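In my numbering, each number is its position in the sequence shown, counted from 1, plus 1100.
Positions of the beta carbon are idealized from the N, C-alpha and C atoms, including for glycine.
Treat the numbers as computed from the prediction; the structure is a model and nothing was measured.
Here is the structure we will look at.
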Amino acid sequence: MEYIEHTIPPVYDEHSKILILGTMPSPKSREYGFYYSHPQNRFWRVLSELYQEPLPTTVEEKAAFVLRHNIALWDVLKSCQIQGADDSSIRDPVPNDIAGLVHRTHIERIFTTGTKAAALYKRFCQKTAGPAVPLPSTSPANCRHYTFERLVEAYRVILS
């Protein structure tokens, strides 16, 4: 079990209308300094498929991709105790100021990625930031439950 402090800043601008929240950056994401950076995480592949654009590979390309589509990225938690990337091991969670971000931007819809992010958002953020739509995790650990095609269909809701 390791105490982790979130160090990746939220990605957003004045045009952001959609906020997608994970739980906490994985060790690989922390290493790369950007969201959903594990090579087997399907987040970027799903967004590329939805928006019919080439897969972004660098941090700069990924940031430009989400901003171009009015998407903001962040995580529910500011810090916690966690074992590796195992969300089920999270202890002592401290939330980020999601409401503050929502209230100083034009964000209209909020989505959470994965069961734990949805539960933590509901527990800590929903009263002050508004409701969120839960989406399945794009983590490689979720491959058995969600094929790539099922993920794309589930994430299609962000387009409407």
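Which residue or residues does DSSP assign as beta-bridge partners of S1179? As a working note, residue 1179 is residue 79 in the sequence shown. Per DSSP, E1105 and V1194.
Complete runs of the alpha helix (DSSP H) confined to the stretch 1142 to 1171 [at least 4 residues]: 1143 to 1151 and 1159 to 1168
Excluding five sequence neighbours on each side, which residues of the same chain lie with their C-beta closer than 7 Å to the C-beta of P1127? Residue 1127 sits at position 27 when you count from the first residue of the sequence shown. Counting only Cβ-Cβ distances below 7 Å, and skipping sequence neighbours, we find G1184 and A1185.
CB of W1174 within 8 Å of CB of L1150, strictly: For the purposes of this step, residue 1174 is taken as residue 74 along the sequence shown, with counting starting at 1. For the purposes of this step, residue 1150 is taken as residue 50 along the sequence shown, with counting starting at 1. No, Cβ-Cβ distance for W1174 and L1150 is not below 8 Å.
From the DSSP secondary-structure annotation, give me the bridge partner or partners of I1120. Against the sequence shown, residue 1120 aligns to sequence position 20. Note: I1120 sits in a beta bridge opposite L1173 and F1211.
Output yes or no for whether 8 Å exceeds the beta carbon distance between V1146 and T1238. Taking the sequence shown and counting its residues from 1, one reaches residue 1146 at position 46. Taking the sequence shown and counting its residues from 1, one reaches residue 1238 at position 138. Yes, the Cβ-Cβ distance between V1146 and T1238 is below 8 Å.
Residues in its own chain within less than 7 Å of A1229 by CB, not counting five upstream and five downstream? Within the sequence shown, the letter at position 129 stands for residue 1229. So the list reads I1198, A1199, V1202 and I1210, once near-sequence residues are dropped.
Does the stretch 1107 to 1121 come into contact with the stretch 1151 to 1171, if we say contact requires no fewer than three beta-carbon pairs (one atom in each stretch) closer than 8 Å? yes
Can you name the residues that DSSP bridges to P1234? Along the sequence shown, read from residue 1 onward, the residue named residue 1234 stands at position 134. According to DSSP, which records beta bridges pairwise, P1234 is partnered with T1212.
Taking the alpha helix (DSSP H) that R1130 falls in, what are its first and last residues? Taking the first residue of the sequence shown as 1, we reach residue 1130 at position 30. First-last of the alpha helix (DSSP H) with R1130: P1127 to Y1132.
DSSP bridge partner residues for D1186 (one or two, in chain order): Here the question's residue 1186 lines up with position 86 in the sequence shown. According to DSSP, which records beta bridges pairwise, D1186 is partnered with Q1183.
Contact under 8 Å by Cβ, V1176 with T1107: Working through the sequence shown from its first residue, we reach residue 1176 at position 76. Working through the sequence shown from its first residue, we reach residue 1107 at position 7. Not in contact: V1176 and T1107 (Cβ atoms no closer than 8 Å).
One question on the structure: do K1216 and I1182 come within less than 8 Å of each other, judged by their Cβ atoms? One-based indexing of the sequence shown puts residue 1216 at position 116. One-based indexing of the sequence shown puts residue 1182 at position 82. Contact flag unset, no.
Going along the chain, which residues of its own chain have a beta-carbon closer than 7 Å to the beta-carbon of C1225, five neighbours each way excluded? Start at 1 with the first residue of the sequence shown, and residue 1225 comes out as number 125. For C1225, where only same-chain residues beyond five positions count, the Cβ hits under 7 Å are V1176, P1195, I1198 and A1199.
In the DSSP output, what is V1111 paired with across the bridge? In the sequence shown, residue 1111 corresponds to position 11, counting from 1. The beta-bridge partner set that DSSP reports for V1111 consists of L1173.
Anyone know if the C-beta pair for T1213 and I1104 falls short of 8 Å? Counting from one through the sequence shown, the residue named residue 1213 turns up at place 113. Counting from one through the sequence shown, the residue named residue 1104 turns up at place 4. Taking 8 Å as the Cβ cut-off, T1213 and I1104 do not qualify as a contacting pair.
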